[in-house]
Amino acid sequence: ILNVEQSPQSLHVQEGDSTNFTCSFPSSNFYALHWYRWETAKSPEALFVMTLNGDEKKKGRISATLNTKEGYSYLYIKGSQPEDSATYLCAFLSGYSTLTFGKGTMLLVSP
Amino acid sequence: DSGVTQTPKHLITATGQRVTLRCSPRSGDLSVYWYQQSLDQGLQFLIQYYNGEERAKGNILERFSAQQFPDLHSELNLSSLELGDSALYFCASSVQGLSEQYFGPGTRLTVT
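Those protein sequences? They're chains A and B, same order as listed. Numbering follows the working numbering, in which position 30 of the first sequence is assigned residue number 78; successive positions increment by one, without gaps. Numbering follows the working numbering, in which position 6 of the second sequence is assigned residue number 137; successive positions increment by one, without gaps.
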């Protein structure tokens, strides 16, 4: 059974704070690492798909890094806004198709 | 709107019954995935189809089965339902296995 761990479980920050979360995954048989954003009452929405060690991806104020050798990825949000409040999921792809999701980090940004 | 549709949105049924959940992928996507989200559990991968063929199987019970039709829509059949099958069932689609997945709105199944 593959273990994908995310920390922290939840986070409450003030508007304007920068924050980061961690995703840990097995360092063997790596194919890709996905990040998804899941707002309440909606469905998960893809943020990034990362495949290469050392990958860094950015979308607006959100960025992610990947270290496949040690099995971790960081997601950063710069200057958090209330609309960033959501659960952030990472998912590890090993083999060709099986995506294993972590339980997510729930972020709440207060105005 | 991801472009993935799922019906029905909500389903309430009794133990022992059988239900069918339906998913239409985004236009052009050949891969369809089914996931189960239960209370306190992360998204659990159930099964994947690619262009009509089963590609990968996860933690799918023998009471559950799925198929993908020539028009690429997929159905997930759940039979001999138990209380523990109550969950949110998501369908997702992608162009191919390494691509990001686009999730439908989900079907909330309640077994009473």
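Ideal Cβ positions, reconstructed from N, Cα and C, are used throughout, including at glycine.
Option in the options with minimal Cα separation from residue i
i	options	result
Val-242(B)	Ser-217(B), Glu-231(B), Val-226(B)	Ser-217(B)
Arg-194(B)	Tyr-220(B), Asn-182(B), Asn-208(B), Glu-185(B)	Asn-208(B)
Leu-161(B)	Ala-145(B), Leu-219(B), Phe-221(B), Leu-203(B)	Leu-203(B)
Gln-199(B)	Ile-191(B), Gln-179(B), Thr-136(B), Ser-133(B)	Gln-179(B)
Leu-141(A)	Ala-89(A), Thr-135(A), Gly-150(A), Asp-65(A)	Gly-150(A)
Thr-70(A)	Pro-56(A), Phe-78(A), His-82(A), Asn-77(A)	Pro-56(A)
Gly-147(B)	Glu-231(B), Gly-215(B), Leu-177(B)	Gly-215(B)
Cys-154(B)	Gln-168(B), Ile-143(B), Val-226(B), Gly-134(B)	Gly-134(B)
Val-157(A)	Gln-54(A), Ala-134(A), Arg-85(A)	Ala-134(A)
Tyr-166(B)	Gln-232(B), Gly-235(B), Cys-222(B)	Cys-222(B)
Sub-8 Å separation of residue i and residue j beta-carbons
i	j	result
Pro-159(A)	Glu-63(A)	yes
Leu-229(B)	Ala-80(A)	yes
Val-52(A)	Phe-73(A)	yes
Ser-224(B)	Arg-157(B)	yes
Leu-212(B)	Gln-168(B)	no
One or two residues paired with residue i in a DSSP bridge
i	result
Ile-178(B)	Trp-165(B), Lys-188(B)
Tyr-233(B)	Ser-224(B)
Tyr-120(A)	Ser-72(A), Asn-115(A)
Gln-57(A)	Looking at the DSSP assignment, Gln-57(A) forms no beta bridge with any residue, so it has no partner.
Ser-142(A)	Thr-146(A)
His-82(A)	Val-97(A), Ala-139(A)
Residue burial classification, residue i (beta-carbon count within 10 angstroms, cutoff 16)
i	result
Met-130(A)	Here the sequence assigns Pro to residue 130(A), which means Met is not the residue at that position. Classification for Pro-130(A): exposed.
Thr-238(B)	buried
Thr-146(A)	buried
Ser-76(A)	exposed
Ser-171(B)	Ser is not the amino acid found at residue 171(B); the sequence shown has Asp there. By the neighbour-count rule (16 or more Cβ atoms within 10 Å), Asp-171(B) is not buried but exposed.
Tyr-153(A)	According to the sequence as given, residue 153(A) is Thr; it is not Tyr. Counting Cβ neighbours within 10 Å, Thr-153(A) comes out buried, since at least 16 surround it.
Thr-148(A)	buried
Pro-92(A)	buried
Leu-50(A)	exposed
His-82(A)	buried
Close-in-space but distant-in-sequence residues of the same chain around residue i (CB under 8 Å, 5 per side omitted)
i	result
Thr-67(A)	Leu-59, Val-61, Tyr-124, Ile-125, Ser-128, Leu-155
Asn-101(A)	Leu-114, Asn-115, Thr-116, Lys-117
Arg-186(B)	Ser-162, Gln-179, Tyr-180, Gly-228
Close Cβ partners of residue i (< 7 Å) along its chain, the five nearest in sequence each way excluded
i	result
Ser-196(B)	Asn-208
Spatial neighbours of residue i in its chain, beta-carbon cut-off 6 Å, leaving aside the 5 residues before and after
i	result
Asp-65(A)	Ser-128
Ser-210(B)	Arg-149, Arg-194
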